[in-house]
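J.: I have a structure I would like to understand better, so I am pasting it below and will then ask my questions one at a time.
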Amino acid sequence: MARSINKVILIGNLTRDPEMRYTPDGQPVTTFGVATNRYWKTKEGEQKEDVEFHNIVAWGKLAEICSQILKKGKRVYVEGRLKTQSWEGKDGVNRSRTEIVVSDMVALDPRSAGGYEPESREEPEIVVEEESQEKKKPVKKAQKASLKEKENAEEISEDDIPF
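The sequence shown begins at 1 in full-length UniProt numbering and counts up one residue at a time.
Quick look at the structure:
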């Protein structure tokens, strides 16, 4: 018997802030919406756009992370599987809803990646120990990264570059 695949990958923008709830047994679940756009030109050369709205569900630790760092309007990558739920409404009408159950998520907006935006845009000072262990010198993050890069730098010849 052939194997089947149920996998969805989307990159889009959140249509609403994530909403986190808990199941009766304490399992966190977060829901949010993502919009994706498709663009094309008609035979006459007119630019057209189609927008799809997707219902997204995250469970467990991923649900907690989504509710902390994602916000309406932010760009996000989600990967997961399709799941369709069916039920009978109070009015007796059969209803269904297709959603994407997330297995992986990446916040694509640089400032939303940490879920926290400091009021000041200055880099915090970090204390770095010098060789003498007695003196400590405050260094900004960018300077610290630059120092590490210099320490780890190797000579690279043109023969080592694959292109």
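Here a beta-carbon is modelled for each residue, glycine too, at the ideal position from N, C-alpha and C.
Between the Cα of N37 and the Cα atoms of L14, L62, N6 and E88, which residue gives the shortest distance?
T.: Against the sequence shown, residue 37 aligns to sequence position 37. Among L14, L62, N6 and E88, the Cα nearest to that of N37 is on L14.
J.: As a quick exercise: from G33, S4 and I65, pick the residue whose alpha carbon is nearest that of G12.
T.: Stepping through the sequence shown from its first residue, residue 12 is reached at position 12. Out of G33, S4 and I65, G33 has the C-alpha closest to the C-alpha of G12.
J.: Buried or exposed for V76, please, with buried defined as at least 16 other CB atoms from any protein chain shown within 10 angstroms of its CB.
T.: For the purposes of this step, residue 76 is taken as the residue at position 76 of the sequence shown. Flag for V76 reads buried.
J.: Helix, strand or coil for I11, going by three-state DSSP, please let me know.
T.: Here residue 11 corresponds to residue number 11 of the sequence shown, with the count starting at 1. Strand.
J.: In this structure, what does DSSP give as the bridge partners for P28?
T.: Looking up residue 28 in the sequence shown gives position 28. Answer is Y22, bridged to P28.
J.: Can you tell me which residues form a DSSP beta bridge with A35?
T.: For the purposes of this step, residue 35 is identified with residue 35 of the sequence shown, where counting begins at 1. DSSP lists N13 and F53 as partners of A35.
J.: Counting beta carbon pairs with one atom in the stretch 80-88 and one in the stretch 98-105, are three or more of them shorter than 8 angstroms?
T.: Yes: at least three Cβ pairs fall under 8 angstroms.
J.: Take residue 215 and list the residues in its own chain whose beta-carbon comes closer than 6 angstroms to its own, dropping the five residues that flank it on each side.
T.: Absent from the structure is residue 215, since the part of the chain shown begins at 1 and ends at 163.
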